[in-house]
Structures are given as structure tokens and as C-alpha cells.
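Working notes, structure below.
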């Protein structure tokens, strides 16, 4: 799909392998009234899967080959049943349970999202020039942000006092 405006918002999705999966979409970068051309916002995605059942990769939000995606204010949560070890992510789950995955998607904004108890909270793969990760809160996951052969910008940007990125990761 190319050159239109897409909005996926305010959904509740539970216990699935892929919560929201978008592939090969090139949306208009400035939608009506200045909104994003491809917007994924305000969604709640929860899963209750024990480690032993994680055989195939599971994704909360997975964007592949999409230009100008805005992933804003979503919650991706793996229910841990009070911290039971069979529902707590370890190194073995880092590639099997991903909160938000951005693959080869230039000019994407990943902002104000909350992820909890994932193998990897946010993964960026390949050429994602101009993609920004801002003000995301990650909690109790094995790995916060994972960059895999990622090209986000031509110069390193880690934020500054006047333009912070403000991503946070909290362990238990």
C-alpha cells in the first residue's frame, strides 16, 4: 500500500502471536491536520504465555518495510502472574518475545510506549534512517533496546539537555 493515511488505535489485543503486524506500507508522512500517515497509537496488547510454550517469535507491534510509522502511546505487556519464574523473560526469550519491532522502516517514531516483561522491549533491525526512539518506558524485561545491524542516523544521537530521548528501563 502506498501514499494513504492509516490509523490503528485504541484496540485491545490478547494472547496472539502477532498483535499488530504491518508490512510494506509507505504512508504519506504528513496526514490530515498534521497527523502521521501511518499511526499505531493507544493500543493495549497483552499475552499470558509461559516460557516453555515460547517456540515461535511473538510480537506486540511489528513494523516491516514501512515508511514513516508513528508508534505512540501503546502498552505491550506479558502478564507474569506475580513474578512466577515460568512467566519471567530470560536470555532464551530475548528473540522470541518482542514488545515493539521496527525492521527496515525509515523515518519511524517510537514514542511514549510502555513495555513490560518482554524478551526484548524494542528491537530495531536494518536500515531505519531517521527513526527515533523517544520517552519509552521499559520494565522488567531481559533486554531493553536491541539494535541489530541498525542504521538509524548518519551521526550518533543520544539526546542532549535541550533534546533528550528520555527512554527508561526499570528492573525489579
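In the numbering used here, the protein residues as written are -10 to 161.
Note that beta-carbon positions come from the ideal geometry of N, C-alpha and C, so glycine has one too.
All of these numbers come straight from a predicted model, not from anything done at the bench.
For residue i, I'd like the list of residues in its chain whose CB is within less than 6 Å of its CB, leaving aside the five on either flank, ordered along the chain.
i           : result
residue 3   : 35
residue 53  : 12, 92
residue 159 : 128
residue 1   : 33
residue 48  : 7, 87, 90
residue 141 : 117, 120
Specify, as a first and last residue, the run of the beta strand (DSSP E) that residue i falls within.
i           : result
residue 127 : 126 to 128
residue 165 : This structure gives no information on residue 165, because the portion of the chain shown stretches from -10 to 161.
residue 65  : 64 to 67
residue 100 : 98 to 100
So, at 7 Å on beta carbons, what are the nonlocal neighbours of residue i in its own chain, with the 5 sequence-adjacent residues on each side left out?
i           : result
residue 122 : 99, 111, 134, 154, 156
To the nearest angstrom, how far is the alpha carbon of residue i from that of residue j?
i           : j           : result
residue 77  : residue 109 : 12 Å
residue 80  : residue 31  : 29 Å
residue -10 : residue 33  : Here the model assigns residue -10 a pLDDT of 48, short of 50, so the residue's position is not dependable and the matter cannot be decided.
residue 131 : residue 56  : 29 Å
residue 74  : residue 39  : 9 Å
residue 10  : residue 117 : 17 Å
residue 96  : residue 119 : 4 Å
residue 65  : residue 94  : 20 Å
residue 69  : residue 58  : 30 Å
residue 138 : residue 113 : 8 Å
residue 14  : residue -5  : 9 Å
Take residue i as the anchor and find which of the options has the nearest alpha-carbon.
i          : options      : result
residue -2 : 96, 50, 39   : 50
residue 84 : -5, 136, 140 : 136
residue 67 : 82, 61, 60   : 82
Using a Cβ-Cβ cutoff of less than 8 Å, which residues in the same chain neighbour residue i once the five nearest sequence positions on both sides are dropped?
i          : result
residue 63 : 29, 30, 31, 32, 33, 34, 49, 50, 89, 102, 103
For this session: Check whether the segment 33 to 52 touches the segment 116 to 133, taking contact to mean three or more Cβ pairs, one atom from each stretch, closer than 8 Å.
Result: The segment 33 to 52 and the segment 116 to 133 do not touch, with fewer than 3 CB-CB distances between them shorter than 8 Å.
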